[in-house]
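Each remark here refers to the structure printed beneath this line.
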Amino acid sequence: QEIKKEYRGMGVNPCMIIQISNEKKPDEEWNNIIKPELDRNSNLTWMKLVGDEKKCDTNDKIKSKPVSKWKDYAKERMSSIDVIIFKMVISEGFDIPRACILYQIRATQSKQLDEQVLGRVRRNPRLLDFEDIPPRQRDYALKAWVWGIAKEKRSQP
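If you want it as structure tokens, here you go:
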């Protein structure tokens, strides 16, 4: 809530991204970890973007539009989407500067993939007019919050 308050003062709705596993465990992670937490926090608006459009879902008004439009909507500075759950889409070039929080459930074996996902939450949502916002908001615009990426030996791609 503190992050949301600070970001909204900048004219940005912050976004948390959650990376789930790509193959064997995504349904288990969704059903046992993520969905129960989202249900407990019903004030959060979320979007699940996975490869199969039939498995994509959201609790936002955007649900009535084609999934192909969801990404553009999520990128908007004041999009109502608070949480985006994904497998690979964000690591593959989906740029969302308002993403500042990462929770990585997926256990990757690739330092490069981890760096790509970390890079998504290191973007500055007010890059083009950074000097126009107050110092406290500049500080928040440059921060990222990350959970789940553990230091361990990983193979290089």
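Its first residue numbered 861, the sequence shown is counted upward by one per residue in the numbering used here. All C-beta atoms, glycine included, are put in the ideal place defined by N, C-alpha and C.
Terminal residues of the continuous alpha helix (DSSP H) containing residue i?
| i | result |
| --- | --- |
| residue 978 | 971-981 |
| residue 898 | 895-900 |
| residue 886 | 886-889 |
| residue 989 | Looking at the DSSP string, residue 989 is not in any alpha helix (DSSP H), and its letter there is neither H nor E. |
Using DSSP's beta-bridge definition, name the partner residues of residue i.
| i | result |
| --- | --- |
| residue 875 | 959 |
| residue 938 | Bridge partners of residue 938: none, in fact. |
| residue 863 | Answer is none; residue 863 lacks a bridge partner. |
Using alpha carbons as the reference points, say which of the options lies closest to residue i.
| i | options | result |
| --- | --- | --- |
| residue 981 | 1003, 971, 989, 969 | 1003 |
| residue 877 | 920, 955, 1001 | 955 |
| residue 881 | 865, 968, 875, 932 | 968 |
| residue 901 | 911, 919, 975, 885 | 919 |
Return the chain-ordered list of same chain residues with a C-beta closer than 7 Å to the C-beta of residue i, the five sequence neighbours on each side being excluded.
| i | result |
| --- | --- |
| residue 927 | 913, 916 |
Using a Cβ-Cβ cutoff of less than 6 Å, which residues in the same chain neighbour residue i once the five nearest sequence positions on both sides are dropped?
| i | result |
| --- | --- |
| residue 986 | 870, 993, 1001 |
| residue 867 | 874 |
| residue 922 | 930, 933 |
| residue 936 | none |
For residue i, I'd like the list of residues in its chain whose CB is within less than 8 Å of its CB, leaving aside the five on either flank, ordered along the chain.
| i | result |
| --- | --- |
| residue 883 | none |
| residue 991 | none |
| residue 925 | 933 |
Over the uninterrupted beta strand (DSSP E) stretch that includes residue i, give me the two end residues.
| i | result |
| --- | --- |
| residue 946 | 943-946 |
- request: Report yes or no: do three or more beta-carbon pairs, one from the stretch 934-950 and one from the stretch 900-910, lie closer than 8 Å?
  value: yes
query: Counting Cβ pairs, one atom from each stretch, are 3 or more of them under 8 Å apart for the stretch 986-1002 and the stretch 888-899?
result: no
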